[in-house]
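Reading through the structure tokens given below for one structure.
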Amino acid sequence: MAVVKSSLPEADLKVVGEALQGALVDLVDLSLVAKQVHWNVIGPRFRSIHLQLDEVVTTARTHSDVMAERASAIGVNPDGRAATVASGSAIGEVPTGWIQDQDAVRIMVDALGAVIQRMRERVTATDEPDPITQDLLIGLTAELEKHAWMFQAENV
Ligand SMILES: [Fe+2]
């Protein structure tokens, strides 16, 4: 039952819905991974990395809500359930236990890199079918690339 009447035709809706759902999953996992590292990081750079990770969490949480609500606004049901996130995320598994500061930085470089690659594919995919969704993805990806820059600058 179409509760929300979509402003997009069916074919475009499928492409845009998949982009938003994929972005939602990647962002929810990014928020979880960043918190996991935030809690477990150790080493001389603990404080700066610990605080920096919460900035990533803020970006991920804010934009996951934007993606989910954009999906709803075009009539696609967002799915942010744990099982959906676990099976669909771009981010690889993060180790359990304490995480040495340089490993924490490497984990975040890899995680952000994987998510950014998929976000850029979504930016391309949504260009023609829905520039409004694309605009949201572009703003988000710019923020992610800023975080990625900062972690790469520390990864030396
Ligand atoms: Fe905290």
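Residue numbers (full-length UniProt numbering): 1 to 156. Ideal Cβ placement from N, Cα and C applies to all residues, glycine included.
DSSP lists 41 as the beta-bridge partner residues of residue 99. If you check the CB distance, residue 95 and residue 12 do not come in under 8 Å. By the CB criterion at 8 Å, residue 108 and residue 37 fall inside the cutoff. Nearest Cα to residue 125 within the set 19, 23, 55: 19. The beta carbons of residue 144 and residue 116 sit closer together than 8 Å. Not one heavy atom of ligand 1 lies closer than 7 Å to the C-beta of residue 26. The alpha helix (DSSP H) runs of length 4 or more contained entirely in the UniProt domain "Ferritin/DPS" (18 to 153) are, from start to end of the chain, 46 to 73, 82 to 88, 101 to 125. Residue 131 counts as exposed, since fewer than 16 other C-beta atoms from the protein chains shown sit within 10 angstroms of its C-beta. Out of 60, 22, 119, 5, the CA that lies nearest to the CA of residue 32 is found in 60. Close CB contacts of residue 45 within its chain, under the 6 Å cut and outside five residues either way in sequence, are with 101 (chain order).
Out of 39, 68, 6, the CA that lies nearest to the CA of residue 54 is found in 39. Within a 10 Å sphere around the beta-carbon of residue 127 sit fewer than 16 other beta-carbons, which makes this residue exposed.
At a threshold of 7 Å, residue 54 counts as near ligand 1, since its beta carbon sits closer than that to one of the ligand's heavy atoms. Nearest to residue 110 by alpha-carbon distance, out of 63, 90, 9, is 90.
With contacts defined as CB atoms closer than 8 Å, residue 141 and residue 16 fail to qualify as a contacting pair.
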